[in-house]
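One structure is given here, and the rest of the page talks about it.
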Amino acid sequence: FDIGDARVISLDLDEVAKSGGDAADRQTAVMYMLGRYVLARHYYLTDCTGFEEFKKSYGEELEPRFKELVKYFKITKDMRVLDVGCGGGFLSNFLAKSGMSVTGLDQSKESLVVAKKYDETGLVTYIPGDAAKLPFPDASFDVVTAMDFLEHVEDPMAIVKEMGRILKPGGLFFFHTFN
């Protein structure tokens with residue numbers, strides 16, 4: 048698999064683990080993190096493999112949670128929303144069905160194809176882009192979301208700062224991360 052300009056041929060954890068000790072434990076941990084990074088990167092930069100299966104299982108639990116977010120944060124139909132790292136469009140499409148003006152941004156053009164496919168309203172504006180250089184003027188959104196996204200970037204604080212730039216004064220930024 049690819050990592051930037053490098054190519055990883057194999058991760059031989061058995062050989063590392065045989066040497067034992069703290070150094071082997073650190074090497075094994077690094078190799079696992081590297082493997083996890085590459086798998087997550089592949090998923091988010093390709094076609095959101097498993098979207099249908101996810102939607103049938105855990106995905107069904109998302110809509111009630113999204114409804115609670117909208118209610119709790121008092122997100123209204125007149126608010127302009129940017130969903131950064133929108134992936135397969137779960138949140139973007141839900142918000143559009145709720146009548147909001149939504150833009151979904153993701154680095155993966157393949158993921159955006161999946162998101163558009165499931166946009167029942169046809170109203171979400173999906174665009175490819177870099178969260179570190181958002182293609183919007185200052186103070187242009189009422190709400191910015193980053194769901195399960197910040198754990199996948201090198202400099203989360205720089206991304207959050209960029210999101211703050213495009214938020215209107217008093218705007219809402221909410222995120223979720225597993226890490």
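Here the numbering used here is used: the first residue of the sequence shown is 48, the next is one more, and so on. Beta carbons: idealized from backbone N, C-alpha and C, even for Gly.
Evaluate the contact criterion for the stretch 120–139 versus the stretch 174–192: three or more CB pairs, one atom per stretch, below 8 Å.
yes
In the DSSP assignment, what are the bridge partners of M194?
H223
Run through the DSSP bridge pairs and tell me what T150 is partnered with.
L129 and T172
Which listed residue (Y119, G134, E167 and L159) has its alpha carbon closest to that of F141:
E167
Could you tell me whether any Cβ in chain D is nearer than 8 Å to the Cβ of P216?
You won't find chain D in this structure, because it holds only one protein chain.
In three-state DSSP terms, what is E188?
In the sequence as displayed, the identity of residue 188 is Phe instead of Glu. Strand at F188.
DSSP beta-bridge partners for L214?
F188
Relative to the C-alpha of D153, which residue among D185, L214 and F137 is closest?
F137
Beta-carbon proximity check, F196 vs G151, cutoff 8 Å:
no
Determine the closest residue to S145 out of I122, F222, F220 and D185, with distance taken between C-alpha atoms.
I122
Got a sec? Which residues, its chain only, sit under 6 Å from V149 by beta carbon, not counting five neighbours each side?
V128, S139, L142, A143 and V171
Going by C-alpha to C-alpha distance, which of P216, V117 and V160 sits closest to D185?
P216
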